[in-house]
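S.K.: According to the working numbering, the stretch in the sequence shown is residues -17 to 109, in order.
Ideal Cβ positions, reconstructed from N, Cα and C, are used throughout, including at glycine.
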Amino acid sequence: MQVRLEKIILFSADVLRLVRFYQDYLGLRILSEPDENWTILDAGGTTLAFHKIGAAYQQDSDRDQPTPSNVKIVFETNQNLDAFRQLLIDNNIDVDVIRQFAGVNYRSFDGRDPEGNVFQVIQPFTD
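1. Is L(-13) near the ligand NAD, with its Cβ less than 8 Å from a heavy atom?
2. How about R67 and F91: do their beta carbons lie closer than 9 Å?
3. Just tell me which of Q82, P96, R94 and V1 has its CA closest to the CA of I104.
4. Got a sec? Which residues, its chain only, sit under 7 Å from R(-1) by beta carbon, not counting five neighbours each side?
5. For N60, tell me which candidate among M(-17), G9 and R(-14) has the shortest Cα-Cα distance.
6. Here's a check: name, in chain order, each residue in its chain whose Cβ is nearer than 8 Å to the Cβ of L70, leaving out the five neighbours to either side.
7. Going by the beta-carbon positions, is the gap between K54 and F(-7) smaller than 9 Å?
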């Protein structure tokens, strides 16, 4: 059997807040009517959906740190990575330094969305 990644679903305390973040800063297009319980975005080749997390699983609102996750969502851009990172910094988005690792053909930085989900933006080198 061969499968295709159709959708990534992130559980969220505030669906509309995450929709605004991914739409405003990463340019993802909304595919379904924005809703506080469920919204789907076009992530270029797959979709990214946000699903309201059940009350039993929501974090204590006094807690500073997000629930740890072993997932990183990676986006690719052909635009200026330095300028894009600076735009995020200017808008108080938590991002790391730009890195380049041996053996890969891109530069990248990691960041965290408003709920602490880790994302990475890569910029491939061009010939």
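M.R.: Reading off the structure:
1. Absence of the ligand NAD from the depicted structure is noted, as is the absence of any ligand whatsoever, leaving it without description.
2. yes
3. Q82
4. P96
5. G9
6. Y7, V77 and G93
7. no
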